[in-house]
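Notes for the one structure printed next.
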Amino acid sequence: MANDLLSSMHISAAGMSAQRTRMDIVSENIANAESTRTENGGPYKRRQVVFQAVAPQQPFSHVFNSAFQSDKHQSVKAAYIAQDNKPFREVYDPSHPDADGNGIVKMPNVNPVQEMVDMNGAARSFEANVTTMEASKRMFLKSLELLR
Amino acid sequence: MDMLGSGFHQLKSALIAREKMQGSITSNIANADTPNYKADTRNFAEFLAAQNNLSSHSKASTTNPRHIADTSASSLLGGTIYQQEDSRKMDGNSVDIQSEMARMSENQLMHELSMKMMSGKISGLMNAIKEGR
Numbered sequence: 004m005a006n007d008l009l010s011s012m013h014i015s016a017a018g019m020s021a022q023r024t025r026m027d028i029v030s031e032n033i034a035n036a037e038s039t040r041t042e043n044g045g046p047y048k049r050r051q052v053v054f055q056a057v058a059p060q061q062p063f064s065h066v067f068n069s070a071f072q073s074d075k076h077q078s079v080k081a082a083y084i085a086q087d088n089k090p091f092r093e094v095y096d097p098s099h100p101d102a103d104g105n106g107i108v109k110m111p112n113v114n115p116v117q118e119m120v121d122m123n124g125a126a127r128s129f130e131a132n133v134t135t136m137e138a139s140k141r142m143f144l145k146s147l148e149l150l151r
Numbered sequence: 011m012d013m014l015g016s017g018f019h020q021l022k023s024a025l026i027a028r029e030k031m032q033g034s035i036t037s038n039i040a041n042a043d044t045p046n047y048k049a050d051t052r053n054f055a056e057f058l059a060a061q062n063n064l065s066s067h068s069k070a071s072t073t074n075p076r077h078i079a080d081t082s083a084s085s086l087l088g089g090t091i092y093q094q095e096d097s098r099k100m101d102g103n104s105v106d107i108q109s110e111m112a113r114m115s116e117n118q119l120m121h122e123l124s125m126k127m128m129s130g131k132i133s134g135l136m137n138a139i140k141e142g143r
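Respectively, the protein sequence lines represent chains A and Y. All the letters of the first sequence, read from the start, carry residue numbers 4 to 151 under my numbering. All the letters of the second sequence, read from the start, carry residue numbers 11 to 143 under my numbering.
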């Protein structure tokens with residue numbers, strides 16, 4: 004019985020962690036919006052997180068029970084970090100050390116506005132997960148109050 | 011044997027169903043940004059029916075399709091129907107975060123109500139055991 008609430012808290016935690024990964028990548032993109040050099044050579048390429056729904060890690064009893072019931076709730080994880088292969092932004096700046104023969108500098112394909120929108124989305128989704136976790140916790144505490 | 015009455019078992023099933031429903035809403039909210047995730051839109055009546063089938067204590071089971079199903083529980087405790095909507099997002103995700111939040115609040119309040127009713131039953135029994143002292 005309590006397993007459902009505990010596993011839902013774990014799912015919220017996984018959601019929060021996935022959203023935090025997304026936030027990390029957004030800050031990385033914003034921080035590197037002007038980086039014209041990387042270790043692999045060439046300007047920085049925008050990165051983005053891909054989420055995936057997965058079956059949550061569960062204790063044995065839950066696995067045992069779920070063999071008899073078919074309600075499996077899905078957790079979430081940041082599956083991988085994809086690179087955005089959009090063309091680089093080209094800026095005319097002959098004085099830049101990384102400018103080519105025509106004075107064109109290739110800047111990262113990061114659009115700060117897009118990153119801001121993504122950041123807001125990550126923050127809102129994180130809050131939604133926090134609210135859910137608080138709700139599950141409150142339900143759990145109410146169950147404990149029965150013992151008093 | 012049944013000191014607490016059959017209502018107690020109904021409440022127990024309702025509470026377990028509420029907790030399972032909380033799990034389903036949680037995974038919908040956690041996967042609100044997952045591409046191609048399809049929201050779990052089962053309502054409370056379905057969770058309760060599944061729970062009652064599992065512990066067919068206080069509910070008449072229908073073993074023949076011509077039997078009339080006992081719908082007393084689902085008509086008493088909840089029964090809002092959420093319809094599966096087609097995805098409106100580009101990434102094939104069908105979670106509506108606002109409606110999930112609303113369902114979660116409703117679920118939480120109903121859980122609290124069932125919990126209050128249950129502790130009322132328990133304190134009534136305790137009162138009888140202590141002979142009203």
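We treat Cβ as the ideally placed atom computed from N, Cα and C, and that holds for glycine.
Alpha-carbon spacing of residue i relative to residue j, whole angstroms
i	j	result
Y:E141	Y:K131	15 Å
Y:G88	Y:N38	Its pLDDT being 41, under 50, Y:G88 is placed unreliably in this model, and the value from its coordinates should be taken loosely. Roughly 20 Å between the two C-alpha positions.
Y:A40	Y:E56	22 Å
A:M12	Y:K48	20 Å
A:V120	Y:D101	16 Å
A:R92	A:E137	44 Å
A:V57	A:Q77	6 Å
A:S30	A:V116	13 Å
Y:P45	Y:K99	9 Å
Y:H19	Y:L64	13 Å
A:P130	A:E148	Pro is not the amino acid found at residue 130 of chain A; the sequence shown has Glu there. Each residue's alpha carbon lies about 27 Å from the other.
First through last residue of the alpha helix (DSSP H) which encompasses residue i
i	result
A:M142	P115 to E148
Y:S16	S16 to A40
Y:F54	F54 to L64
Neighbourhood of residue i by C-beta distance below 7 Å, restricted to the same chain and skipping five residues each side
i	result
A:N132	S15, G18, M19 and Q22
A:V52	T24, R25, I28, A81 and I84
A:P97	G106
Chain A residues whose Cβ lies nearer than 8 Å to that of residue i
i	result
Y:T44	F54, Q55, A56 and V79
Y:T51	Going along chain A, no residue has its Cβ under 8 Å from Y:T51, so there is no contact; the nearest lies around 13 Å.
Y:G102	In chain order: nothing, as chain A lies at least about 12 Å away.
Y:H19	Within chain A, no residue comes near Y:H19; the closest Cβ sits about 13 Å away, beyond 8 Å.
Where residue i meets chain Y, residues with beta-carbon distance less than 7 Å
i	result
A:R141	Q118
CB of residue i within 8 Å of CB of residue j, strictly
i	j	result
A:V113	A:N32	yes
Y:N62	Y:S23	yes
A:S10	A:P59	yes
A:N43	A:P111	no
A:Q86	A:R40	no
Boundaries (first-last residue) of the beta strand (DSSP E) holding residue i
i	result
Y:M136	Here Y:M136 belongs to no beta strand (DSSP E); instead the alpha helix (DSSP H) covers I107 to I139.
A:K187	The shown model of chain A, from 4 to 151, leaves out residue 187 of chain A, and the question about it has no answer.
A:F91	Taken as a continuous stretch (DSSP letters only), A:F91 belongs to no beta strand (DSSP E), as it is neither H nor E.
A:K109	I107 to M110
A:R50	R50 to V57
Under 9 Å from the C-beta of residue i: neighbouring residues of chain A
i	result
Y:N137	Under the 9 Å cutoff, chain A gives no residues; its nearest Cβ is about 15 Å from Y:N137.
Y:M13	Within chain A, no residue comes near Y:M13; the closest Cβ sits about 16 Å away, beyond 9 Å.
Y:I107	R127, S128 and A131
Chain-ordered chain Y contacts of residue i [CB-CB under 9 Å]
i	result
A:L149	M125, M128, S129 and I132
Under 8 Å from the C-beta of residue i: neighbouring residues of chain Y
i	result
A:A85	The contacting residues do not exist; A:A85 stays about 11 Å from chain Y at best.
A:K145	H121, E122 and M125
A:D7	I26, E29, K30, Q32 and G33
Chain A residues whose Cβ lies nearer than 7 Å to that of residue i
i	result
Y:A40	I14, S15, A17, G18, S78, V79 and N132
Y:S37	I14, H76, Q77 and S78
Own chain partners of residue i with C-beta closer than 8 Å, once the 5 adjacent residues on each side are dropped
i	result
Y:Q32	M114, N117, Q118 and H121
Y:A27	F54, F57, L58, A60 and Q61
Y:L21	S124, M127, M128 and K131
The ligand COA heavy atom lying under 7 Å from the CB of residue i
i	result
A:T134	The ligand content of the structure shown is nil, which means the ligand COA is not present either.
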